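Single-structure report; data block below.
2 protein chains.
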Amino acid sequence: MDFSSKLLEQAVDEMSQLPGIGKRTALRLVLHLLKQPESQTEQLAAALQKLRSEIKLCKNCFNISDTELCDICANPNRISEIVCVVEDIRDVMAIENTAQYRGLYHVLGGKISPMDGIGPSQLTIKPLIEKVKAGKVEEIIFALSSTLEGDTTNFYIFRQLEETPVKTSTIARGISVGDELEYADEVTLGRSITNRVPFESSMKG
Amino acid sequence: MDFSSKLLEQAVDEMSQLPGIGKRTALRLVLHLLKQPESQTEQLAAALQKLRSEIKLCKNCFNISDTELCDICANPNRISEIVCVVEDIRDVMAIENTAQYRGLYHVLGGKISPMDGIGPSQLTIKPLIEKVKAGKVEEIIFALSSTLEGDTTNFYIFRQLEETPVKTSTIARGISVGDELEYADEVTLGRSITNRVPFESSMKG
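Chains G and X, in that order, give the protein sequences. No gaps in the numbering here: position 129 of the first sequence is 129 in UniProt numbering, and each next residue is one more. No gaps in the numbering here: position 148 of the second sequence is 148 in UniProt numbering, and each next residue is one more.
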């Protein structure tokens with residue numbers, strides 16, 4: 001693209017570095033900002049800068065938090081002996097939305113993915129193992145997405161925990177509520193049959 | 001959405017004000033920035049702020065420009081007697097890409113759209129009429145998109161120019177090159193028959 005303005009070109013270039021935003025979309029977004037009052041651009045820029053420079057991670061669960069200890073870890077009503085291992089804050093938000101879980105979380109910050117250059121040392125696996133070895137945890141629930149990277153990460157952590165007495169579990173895989181059986185993939189359908197549950201317990205959720 | 005961090009919430013809120021970006025996408029973009037080096041966020045914020053505060057419009061054609069007079073208006077090889085009326089800089093870029101047009105532009109900055117609260121006074125229609133009345137323009141080419149708002153804007157300007165000797169034209173509407181006839185809408189197909197051109201001249205483009 002040939003821009004008549006260097007300023008415009010720079011703004012579009014920076015904007016198009018965001019994932020899923022190409023040059024055309026970036027130009028549309030930037031032109032939109034130019035039509036809005038200057039304060040909107042100021043506020044967007046300030047919010048991004050402030051977030052990036054002041055953001056903290058909870059020292060216990062590594063979730064994004066404004067305080068040293070996040071609201072969930074600081075809540076005395078949560079069951080601190082159960083820890084749910086998730087990838088990032090979006091998973092925490094999704095599980096919290098169900099209002100079914102009363103334990104704590106441990107945010108890994110990603111999944112082991114050699115293709116993207118992410119190894120175990122870039123994730124918060126070490127503090128998790130230490131937490132378990134300190135004897136504070138009774139059950140670890142793996143809630144990573146069921147992909148090659150997720151399974152690898154689960155298995156890597158599982159191996160390190162084998163010598164500890166901690167109980168490990170993983171969230172149930174099966175047919176989504178409301179889904180038609182004929183459209184389910186065979187792996188999911190197979191697992192849902194293998195891991196079938198007593199009919200009475202299926203009535204509770 | 002319930003955020004564990006006010007800083008995160010603010011950044012997501014500001015990001016989701018951009019057109020076509022919902023809360024979920026905004027969260028994905030903001031989390032991406034958190035994973036990148038701090039310098040990327042700094043550069044994005046600085047580029048947006050600089051653009052918004054320092055941007056200029058060419059004093060002749062009102063296109064976005066870093067200088068008082070844009071490169072096109074300042075080019076002595078362009079035919080200054082022909083002026084193409086467009087909506088915004090994207091249209092200028094699209095027409096420039098064809099390398100078929102040697103005249104100048106006039107950027108309106110939008111279309112007349114009572115639904116969005118945009119009237120003639122918010123667009124650069126007045127300077128266009130003044131330019132024509134000063135006798136500097138021989139031909140006006142309307143190149144707004146063929147929508148209700150575009151047609152209204154064309155007609156509004158056309159009416160104001162009726163008493164001047166300026167020639168007015170509009171870009172040709174017809175079947176796109178490479179399109180199949182059976183899929184064309186009837187209005188376009190009808191216009192393409194009414195405005196048929198001598199076969200020899202169709203061989204040039």
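Built from N, CA and C at the ideal position, the CB exists for glycine as well. From a predicted model like this one, the values you see are computed outputs, not experimental measurements.
Between the C-alpha atoms of G:ASP179 and G:LEU189 there is a straight-line separation of about 11 Å. The Cβ of X:ALA11 sits closer than 8 Å to at least one Cβ of chain G.
Pairing G:LEU44 with X:THR41, the inter-Cα distance amounts to about 11 Å.
As computed with DSSP, X:ILE140 is found in a beta bridge with X:VAL83 and X:THR168.
The secondary-structure analysis by DSSP pairs X:LEU104 across a beta bridge with X:VAL83. In the assembly as shown, X:TYR105 is a buried residue. Its beta-carbon has 16 or more other beta-carbons within 10 Å. Here G:LEU33 is near X:ARG52, since their CB atoms are less than 8 Å apart. Listed along the chain, the chain G residues whose CB falls inside 7 Å of the CB of X:ALA45 are ALA45, LEU48 and GLN49. Looking at the backbone, the Cα of G:ILE125 and that of G:LEU108 are separated by about 7 Å.
Short of 7 Å from the beta carbon of X:ASN60, and not among the five residues preceding or following it, lie these beta carbons of its own chain, in chain order: LEU69 and CYS73. The C-alpha of X:THR98 is placed about 58 Å away from the C-alpha of G:THR170.
The C-beta of X:SER65 comes closer than 8 Å to at least one C-beta of chain G. With contacts defined by Cβ atoms closer than 8 Å, G:ILE64 and X:LEU29 do not form a contacting pair.
The beta carbon of X:ASP185 does not come within 8 Å of any beta carbon belonging to chain G, so the residue lies off that interface. For X:GLN40, the closest Cβ of chain G is nearer than 8 Å.
For X:VAL92, same chain residues with a beta-carbon under 7 Å away, outside a window of 5 residues either side, are ASN63, VAL86, TYR105 and VAL107 in chain order.
Its Cα nearest to that of G:TYR101, the residue G:ILE79 stands out among G:GLY110, G:GLU149, G:ILE79 and G:ASP116.
Short of 6 Å from the beta carbon of X:ILE141, and not among the five residues preceding or following it, lie these beta carbons of its own chain, in chain order: CYS84 and SER169. Cβ neighbours of X:LYS23 within its own chain (closer than 7 Å, five residues either side excluded): MET1, VAL12 and SER16.
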